[in-house]
Structures are given as structure tokens and as C-alpha cells.
Amino acid sequence: MTVEQNHFYMSEAIKEAKQALVVNEVPIGAIVVCNGRIIGRGHNMRERFQNVTFHAEMLAIEEACDNLHSWRLEDCELYVTLEPCMMCSGAIVNSRIKTVYYGAQDQKAGTVESLYHLLNDSRLNHQVEVVSGVMEAECGQMLKAFFKAIRQRKKEAKRLRLSD
């Protein structure tokens with residue numbers, strides 16, 4: 001993939017992350033690309049549906065499998081705005097995705113490079129090529145702004161309770 005292609009596809013994942021913001025979810029977005037075509041999209045929906053598995057990657061992978069009528073995504077790439085967690089990394093390995101491109105690192109839950117290296121573990125039946133830091137600043141900024149706003153709302157709510 002060229003830098004321009006990576007930016008185009010990551011921009012599409014960022015659009016998904018912005019959809020998560022609209023419904024007050026953590027702004028993480030993902031897309032699955034096969035032969036230059038987007039075949040799966042997803043953004044976080046855990047809070048809305050109260051389902052722990054509704055991560056952006058999981059939803060994008062599910063849609064891609066539906067579109068290909070197969071659980072094998074061997075010729076596919078995944079673009080995601082945040083480094084995948086353990087659950088999502090497991091789904092990536094099991095679906096046999098070829099390459100994962102991600103934006104921001106997740107020092108607390110990332111299992112691609114931050115905490116573990118699950119996608120490259122030679123003990124598993126499939127290894128995944130990884131390209132990190134694609135549009136990292138844009139991806140990270142959305143998350144920082146989201147969590148800063150939450151902290152400010154909590155601080156304001158606490159201030160209001162104390163003033164009563």
C-alpha cells in the first residue's frame with residue numbers, strides 16, 4: 001500500500017470513529033479492505049447495545065465475513081484508529097486477516113505491540129503483518145479530546161454536587 005492509500009483508508013476508519021462520537025461511544029473506527037474495496041465498517045457500539053463484543057474491529061470483521069460469505073479474510077486488510085485489544089486481536093488472527101494498519105497505540109489494552117505481540121506470535125496458526133502509526137496524531141487526538149470531555153463533565157458534576 002502507498003502512503004496515499006493508507007491515508008485514504010485510515011480516513012475512512014476515522015469517519016467511523018466520528019460516528020461513534022455521535023452516539024457518545026469511545027471514538028474508535030475500523031474498516032476491512034479487500035482488493036481495494038471496503039467490505040466492512042464498524043465503530044464502537046458497546047454502550048449503546050450493552051455488549052462487550054461490539055468493538056469497531058469486531059463489527060467491521062463481521063460485516064466483511066457477511067459480504068464475502070466466509071470467515072476467512074485472507075486477502076483482507078484491517079484499518080483501525082486504535083491498537084486492537086486482546087479480543088479483537090484474537091478475531092484478527094482467527095479470521096486470517098493479512099495486514100493490520102492502526103493509528104494510535106493503546107498502552108493500557110493494546111495487544112499488537114504495546115502489551116503483547118499477539119498478531120506476530122509464531123505459536124499461533126497465523127501471523128499478521130502490522131503497520132502502526134498511520135495518521136497517529138489524528139487518531140490519538142480524537143480519543144484524547146473524548147476522554148478530556150468526560151473528565152470535565154465529571155469534575156463539573158462533582159462541583160455542582162458540592163455546591164448543593
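First residue of the sequence shown? That's 1 in the UniProt record's numbering, and the numbers climb one at a time after it.
Just so you know, even glycine gets a beta-carbon here, dropped at the ideal spot from N, CA and C.
Check, Outcome
"In this structure, does DSSP put L68 in helix, strand or coil?", "helix"
"Nearest CA to the CA of V130: which residue from G140, Q141, C76?", "C76"
"Hey, quick one: how far does the beta strand (DSSP E) through S132 stretch, first residue to last?", "129-132"
"In the DSSP assignment, find the unbroken alpha helix (DSSP H) run with E74 in it and report its ends.", "Unbroken run through E74: none, as it is neither H nor E."
"Which complete beta strand (DSSP E) runs does the UniProt domain \"CMP/dCMP-type deaminase\" (4-113) hold, if anything under 3 residues is left out?", "29-34, 37-43, 76-82, 99-104"
"For T2, is the classification buried or exposed, using 16 other Cβ atoms within 10 angstroms of its Cβ as the cut-off for buried?", "exposed"
"Rounded C-beta distance between E16 and M45? I'm assuming under 8 Å.", "Incorrect: roughly 11 Å between the Cβ atoms, too far for contact."
"Specify, as a first and last residue, the run of the alpha helix (DSSP H) that L115 falls within.", "Run containing L115: none; DSSP gives neither H nor E here."
"Using the Cβ count rule (16 or more neighbours within 10 Å means buried), how would you classify T53?", "exposed"
"As a quick exercise: from L82, L78, E136, pick the residue whose alpha carbon is nearest that of R37.", "L78"
"If L82 and I28 are in contact, beta carbons under 8 Å, what's the gap, nearest whole angstrom?", "5 Å"
"Would E136 and G110 be called neighbours here (beta carbons separated by less than 9 Å)?", "no"
"In terms of alpha-carbon separation, which member of S114, A91, N94, V80 lies closest to Y101?", "V80"
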